[in-house]
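K.L.:
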Amino acid sequence: MIIDSLILFMSASTQTFIAFAIVGMAVALLMRSWLKKSPGAGCGQEGCSAVSPEIKKLRAKLKR
11 MIIDSLILFM SASTQTFIAF AIVGMAVALL MRSWLKKSPG AGCGQEGCSA VSPEIKKLRA
71 KLKR
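Below is the structure:
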């Protein structure tokens with residue numbers, strides 16, 4: 011396989027650097043997705059169509 015032959019010719023420090031680079035990129039992508047704010051996501055707002063009208067009426071009564 012081509013990848014096996016490439017790994018044999020790379021030094022240990024090169025392989026370590028590439029591994030850290032891949033892990034660093036994965037961590038950066040995860041942190042970006044965790045820290046990114048998504049306005050209006052989910053059904054926490056009044057305009058959510060997943061909540062039935064009966065539940066909306068019950069919530070309005072409970073808020074009073």
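The numbering of the sequence shown is the numbering used here, which starts it at 11 and goes up by one. The C-beta atom is built at its ideal place from N, Cα and C for all residues, glycine as well. Fair warning: this is a prediction, and the values are worked out from it, not measured in the lab.
#1: Give the secondary structure of residue 62 by DSSP, where H, G and I count as helix, E and B as strand, and everything else as coil.
#2: Go ahead and pull the three-state DSSP assignment for residue 15.
#3: By the DSSP assignment, the alpha helix (DSSP H) with residue 20 in it spans what residues?
#4: Work out the CA separation of residue 20 and residue 35 for me, nearest whole Å.
#5: Grouping DSSP H, G and I as helix and E and B as strand, with all else coil, what is residue 46?
P.N.:
Taking the structure as given:
#1: In the displayed model, residue 62 falls within coil according to three-state DSSP, outside both helix and strand.
#2: Helix at residue 15.
#3: Looking at the DSSP string, residue 20 is not in any alpha helix (DSSP H), and its letter there is neither H nor E.
#4: Their backbone Cα atoms lie some 21 angstroms apart in a straight line.
#5: Note: residue 46 maps to coil in three-state DSSP.
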